[in-house]
Amino acid sequence: MAARSASAASTKAIILLVVAGLLVFTLPTVLILCVGMLPTFAAVLVDRRREKYTTLCVGSMNFVGVIPFLATLWTEDHSFDMAFKILGDPIGWLMMLGSAGIGWAIYFVAPNIVAMFMAARIEQRIDRLRDRQTELVEEWGPGVSGSEAEKDDAEPRQ
Amino acid sequence: MAKVVLKDRFEIDDSMALPQFDSPTAKAFKCVARTAEFGDLFALICDPKIPMRAETMEALRGFPGIGLVKFIDSGVVNWAAANQRQPVLIFEMPAGTRVFEKLSSVIQPLSDDQLIKGFLTPAVNTLRELSARGITHRNIRPTNLFYSDTSESLMMFGECVSAPPGYNQPLHFESLECAMADTTGRGEGSIADDCFALGVTLLCLLIGRNPVPNIMDPHQFVFDRINFGSYTNIVGSHRIQMNMMELLRGLLADDTRERWSVRDVQLWLGGRRLTPKQVKLPPKAARPLTIGGMEHENVRSAANGLARNWATGGDVVRSHDFDNWVRRSLNDENVVENINRVVGTPQAIQASPKADDARLVTRMCMALDPHAPLRHKGFSTHIDGIGPTLAMGFTNENTRETVSAFVNGRFLPQWMALQSRTRSEILQVYSTLEKLPALLNQAGPGFGIERCLYELNPYSHCMSSMISHLYITRPEELVPALEAVAQGHELPPIPMDRHVAAFLAARSEEIDDRILRPLSSLDERPAGDALKVLRILARVQSVYRNGAAPGLCAWFQTLTKPAVNSFHNLKMRHQIENAVSRAAETGFLHELLKIFDDAKAVQRDEQGYLRAQQEHAQCSAQMAQMTLSLENKESLASELGEQVAAVISGVLGSIGATTAIIFYMI
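As they're listed, the protein sequences go chains A and B.
Residues in the first sequence are numbered consecutively from 40, following our numbering.
Residues in the second sequence are numbered consecutively from 63, following our numbering.
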C-alpha cells in the first residue's frame with residue numbers, strides 16, 4: 040500500500056516537471072491560454088459539483104474559442120509580440136469570451152429541455168398505467184380497485 | 063262442479079255426495095268406472111291429515127266373498143272443493159244400507175238365525191280370509207256394517223283402510239290392550255282384537271242398540287274393565303240368551319289366550335256348544351297398592367295406574383311398599399323376573415336418579431304388563447301406533463316432544479325381551495324404531511323428528527308446507543310437485559325444507575344421508591344453500607326420470623344469481639349468465655348444476671381476480687410515484703440536465719476544436 044502511494048507521488052512529480060518544462064518553452068501559448076480561458080477559471084471557481092459539469096461545459100466551448108488564436112500563434116510567430124497582438128484584438132476577445140458564453144448558455148438551457156422531456160415521458164407512462172387500470176376494471180369490475188365494493192344485484196325471488 | 067278422473071279408470075262426481083257411505087274421516091261420492099268390469103261404486107275422499115292403511119289396501123286387492131265392502135283402487139285426485147289434492151279410495155257400493163246409522167241408533171234386535179246366517183257366517187269367513195292375508199280389519203262396529211243385499215238379510219263389514227287401525231272405534235269396541243292406548247296409537251293389533259270387536263258388534267245386534275251408550279270417564283271405564291272384566295262392563299245388565307252368552311264370553315275375554323278365535327266361532331257356528339265359561343278376572347294381590355289415590359289389586363291395574371300417574375310414579379316405584387307389594391303380595395314370579403330383567407334389582411331401582419323417573423316408570427309398566435301399550439310420560443301407544451300418532455299430531459308441539467322423548471328413551475330392546483311372540487310386521491317396525499334415535503338426534507335437514515315421521519309412516523304424504531296440498535307420497539312425485547309450486551305466484555324462499563329433505567331421505571334409496579348431510583353445514587359461498595339444494599333435486603330429477611321442469615329451473619336461476627355474480631370476471635360472468643339461461647330453458651336441473659360444478663373455472667376466476675387486484679394496486683403505486691416525480695421534475699432534471707449540457711458542450715467543443723485545427727493545418 041505504502042509502495043503504491045510512493046509510486047503515485049513520484050509519477051505526479053515527473054508529470055509536474057515535464058509540464059513545467061513545457062510551460063517554460065511555450066510561454067506565449069501559456070499567456071494566450073491564461074487570458075483566453077479566464078471564463079473557464081471563473082466557472083471552476085463557481086462549480087460546486089464534484090463532477091465539474093459547469094467547468095466542462097464552459098471550458099469546452101471556451102477552448103474552441105481560444106484554439107484559432109493558438110493556431111495563429113503557432114503557425115505565424117510563436118512570440119510574446121504576437122501573443123500581445125492577439126490579445127489586443129477585440130475580435131479575439133469576442134471570440135474567446137463569446138464561445139465561453141455559448142458554453143454558459145448550453146449549461147443553463149439544457150436542464151430545462153431535459154425536464155420537459157422527462158415530464159412528457161412520465162405523463163406518457165402514467166397514461167399507459169391508467170389505461171391498464173381501466174382495462175382491469177372493465178374486465179374484472181370495480182371491485183378490482185379495492186375502493187368500491189362490488190354490487191350484488193341478486194335478490195331471491197319471493 | 064265437475065267430474066274428477068282417477069287413473070283414467072274412474073270418474074268421481076263431486077256433486078253427488080253419498081253421505082250414507084261416509085266414513086268418520088272420509089266423505090263418499092258417486093263414482094263410475096269407465097270400464098264395465100265393476101258394478102256400482104263409491105269413492106271416499108279422505109282427509110289428507112289422517113294416515114291411511116296402504117299396506118292393508120294392497121292386501122285387500124281381490125278380496126273374495128261378500129263379507130267386506132270390496133276395495134277396488136286408490137289414488138290421489140285434485141279435489142276442487144278443498145282446493146287441494148286428496149287421497150281417494152274406490153269401493154264397490156253395498157247393495158243395502160248401513161245397519162246402524164249412528165251408534166245411538168236403535169234397531170229391531172236380530173234373531174239368532176239372522177245373526178248366525180246374516181252376520182256371523184259372512185263375518186267369520188271374512189276374518190278368516192283377513193287372517194290368511196296377514197291383515198286385520200280393526201274397524202268392526204255396528205256403524206260400519208252394511209247390508210250386502212237389498213232384502214237386508216246379509217251383512218258385510220265396511221271399509222277399514224281410510225284411517226289408522228282402531229282410530230274410529232269407540233272405546234268399548236277395542237280389546238283392553240288397544241283400549242289402553244291413545245286413539246292414534248292402537249296399532250294393527252291382531253285378529254284377536256277383531257274377534258273382540260266382533261263380539262261387541264254381535265252384542266249390539268243382539269240387543270238392537272249400543273250396550274254402553276255413555277262413557278263418562280274413559281279412564282275409569284278402562285280401570286273397571288281391567289278389574290272386573292270387559293264382558294261385565296260391556297254386557298252389563300243386558301239380558302243375553304244362554305246360547306249367545308257362551309259366544310260372547312268367549313269373544314269378550316280379556317285374556318287373549320282365553321278369547322275365542324275365528325276357528326272357535328266357526329266351530330260354534332257348526333254346532334259345538336260348551337258350558338259358558340265364567341269371566342276370568344286377573345289374579346288379585348294379597349293387598350291393594352295405592353297409586354294416585356286409587357287402589358290397585360292386580361298387576362295390570364297397577365301398571366295402568368303408574369302410567370297415568372307417571373309424574374309421581376317414580377317415587378311409588380322406588381318405595382319399599384311397592385317392592386313388597388310386587389315381591390310378596392302379588393306372588394307372581396313372572397312379574398318379578400320381568401322387573402329384574404328390564405328395570406333392575408330393588409337396589410338399582412332405589413338408586414335410580416330422580417331425573418330418570420319417567421323412564422323408570424315406563425320400564426316398570428312394561429315389566430308389569432308386557433302386553434299393554436308402551437307408556438311414557440302420559441303417551442300410550444303400541445309399537446306400530448307411534449307412526450300414525452306422529453303423523454296425525456305432527457303440527458302439535460306436545461306430540462312431537464312426546465314422541466321424541468319416547469324414541470330417545472330406547473325402550474324397545476327391553477320391550478322385545480318381554481314379548482313371548484312377535485309378529486313379523488312388528489319386527490319390521492322394531493328395526494325401523496331401532497335406528498330412529500341416531501336420526502332424531504341429528505339437527506340438520508333430513509334428520510330430526512321429521513325424519514322419524516317419514517321413517518315410521520312409509521306411505522304418508524310429504525307434509526312440507528310448500529307441497530302438502532299436492533299430497534305426494536313417492537319421491538318421483540317431488541320434482542313435478544315443486545314444478546307446480548314454481549309455476550305459482552308466491553314462491554317459498556327455497557325449494558327445500560326439513561320435510562322435503564326428510565321425505566327424500568326416508569323414501570328414496572338414491573338420496574342417502576351422505577347426500578343430505580351438506581344441507582346441515584354452514585355455507586358462506588354465494589347461493590351456497592341454493593346450490594346444495596340444486597344438487598339434491600338434480601339427482602332426484604335424474605334418478606326418477608322426471609321430465610323437464612322449466613319453472614323449477616327458472617326458480618333456481620334466480621336463487622343462484624349470487625353465485626353467478628360472484629364471478630369477478632365480467633366477461634365470464636356474462637357468459638355464465640347466458641349459459642344459465644340456456645340451461646334453465648331446458649328444464650333439467652343437472653344442466654344448471656354442470657355450470658356451477660366447474661370448480662376449475664371458479665378457481666381460475668379467483669386467481670385471475672387476485673392477480674388483477676395486485677396489478678391494479680401496482681399501477682396505482684407506480685402512478686403515485688410518477689406523479690410525485692412530475693411534481694419534482696426540476697430537481698430531478700437538474701443533474702441530468704447538467705450532464706447533458708456537459709456532453710453537448712464536450713461534443714461541440716471537440717468538433718469545433720478539430721475543425722479549427724484542420725482549418726489551420728490545411
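Even for Gly, the Cβ is constructed at its ideal location relative to N, Cα and C.
The structure presented is a predicted model; accordingly, all values stated were derived computationally and were not measured.
What is the rounded straight-line gap between the Cα of residue i and the Cα of residue j?
| i | j | result |
| --- | --- | --- |
| LEU238/B | GLU120/B | 28 Å |
| VAL465/B | GLY406/B | 25 Å |
| GLN665/B | LEU672/B | 11 Å |
| SER166/B | ILE202/B | 16 Å |
| PRO171/B | GLY261/B | 15 Å |
| ASN295/B | GLY196/B | 31 Å |
| VAL168/B | PHE162/B | 8 Å |
| SER292/B | LEU544/B | 51 Å |
| LEU267/B | ASP174/B | 10 Å |
| GLY251/B | PRO184/B | 21 Å |
| ILE152/A | PHE658/B | 59 Å |
| LEU655/B | ARG601/B | 10 Å |
| VAL361/B | PRO408/B | 17 Å |
| ALA641/B | THR622/B | 13 Å |
| ALA157/B | GLN603/B | 46 Å |
| TRP617/B | PRO537/B | 20 Å |
| GLU73/B | ALA64/B | 10 Å |
| ILE253/B | THR648/B | 54 Å |
| LEU72/A | PHE64/A | 14 Å |
I want to see whether chain A comes within less than 8 Å of residue i, judged by CB atoms only; does it?
| i | result |
| --- | --- |
| CYS524/B | no |
| MET688/B | yes |
| TYR726/B | yes |
So, at 7 Å on beta carbons, what are the nonlocal neighbours of residue i in its own chain, with the 5 sequence-adjacent residues on each side left out?
| i | result |
| --- | --- |
| LYS439/B | TRP372, ALA420, THR464, ALA467 |
| LEU336/B | GLU308 |
| LYS92/B | ASP75, MET78, LEU80, PHE104 |
| LYS111/B | MET454 |
| GLU512/B | ARG560, HIS561, ALA564 |
| PRO78/A | VAL97, ASN101, LEU136, ALA139 |
| ILE534/B | HIS523, CYS524, LEU540, ALA543 |
Spatial neighbours of residue i within its chain, please: C-beta separation below 6 Å, excluding the five flanking residues on both sides.
| i | result |
| --- | --- |
| GLN146/B | HIS531 |
| THR205/B | PHE162, LEU165 |
| GLY449/B | LEU518, ASN519 |
| ASN289/B | SER363 |
By DSSP, does residue i sit in helix, in strand, or in coil?
| i | result |
| --- | --- |
| HIS531/B | helix |
| ASN627/B | helix |
| SER414/B | coil |
| LYS346/B | coil |
| LEU103/B | strand |
| ASP211/B | coil |
| GLN82/B | helix |
| MET272/B | Just to set this straight, residue 272/B is Asn in the shown sequence, not Met. Correct three-state label for ASN272/B: coil. |
Apart from the five residues on each side of it in sequence, which residues of its chain come closer than 8 Å, Cβ to Cβ, to residue i?
| i | result |
| --- | --- |
| ARG587/B | LEU593, ALA625, SER628 |
| ARG425/B | VAL404, VAL405, PHE473, GLN476 |
| TRP330/B | GLU308, LEU309, GLY312, TRP322 |
| LYS416/B | GLY376 |
Could you confirm whether any beta carbon from chain B is found closer than 8 Å to the beta carbon of residue i?
| i | result |
| --- | --- |
| ALA158/A | yes |
| ALA47/A | no |
| SER184/A | yes |
| ALA81/A | no |
| GLY142/A | yes |
| PRO150/A | yes |
| GLY131/A | no |
| GLY180/A | yes |
| LEU136/A | no |
| VAL153/A | yes |
How about residue i: is its Cβ closer than 7 Å to a heavy atom in the ligand PLP?
| i | result |
| --- | --- |
| ARG325/B | With respect to the ligand PLP, the structure shown offers nothing to examine, as it has no ligands at all. |
Residues of the region 552-578 of chain B whose Cβ lies closer than 7 Å to any Cβ of chain A, in chain order: Within the region 552-578 of chain B, the residues whose Cβ lies closer than 7 Å to any Cβ of chain A are, in chain order, LEU553, PRO555.
Mind checking the region 667-692 of chain B against chain A and listing, in chain order, the residues whose C-beta falls within less than 8 Å of any C-beta there? Listed in sequence order: GLY670, TYR671, ALA674, GLN675, GLU677, HIS678, ALA679, CYS681, SER682, GLN684, MET685, MET688, THR689, SER691, LEU692.
Going along the chain, which residues of the region 95-121 of chain A sit with their C-beta nearer than 7 Å to a C-beta in chain B? LEU95, CYS96, SER99, MET100, PHE102, VAL103, ILE106, PRO107, ALA110, THR114
Residues of the region 705-722 of chain B with a CB closer than 9 Å to any CB of chain A: list them in chain order, please. Within the region 705-722 of chain B, contact with chain A at the beta-carbon level (separation under 9 Å) is assigned to GLN705, VAL706, ALA707, ALA708, VAL709, ILE710, SER711, GLY712, VAL713, LEU714, GLY715, SER716, ILE717, GLY718, ALA719, THR721, ALA722.
Looking at chain A, which residues of the region 614-647 of chain B have a Cβ within less than 7 Å of any of its Cβ atoms? So the list reads TRP617, THR620, LEU621, LYS623, PRO624, ASN627, HIS630, ASN631, LEU632, LYS633, given in the order they occur along the chain.
Near-chain A residues of the region 115-148 of chain B (beta-carbon distance less than 7 Å), N- to C-terminal order: The residues in question: there are none.
May I ask you to list, following chain order, the residues of the region 159-172 of chain A that have a beta carbon less than 8 Å from some beta carbon of chain B? The region 159-172 of chain A vs chain B, Cβ under 8 Å: ILE161, GLU162, ARG164, ILE165, LEU168, ARG169, ARG171, GLN172.
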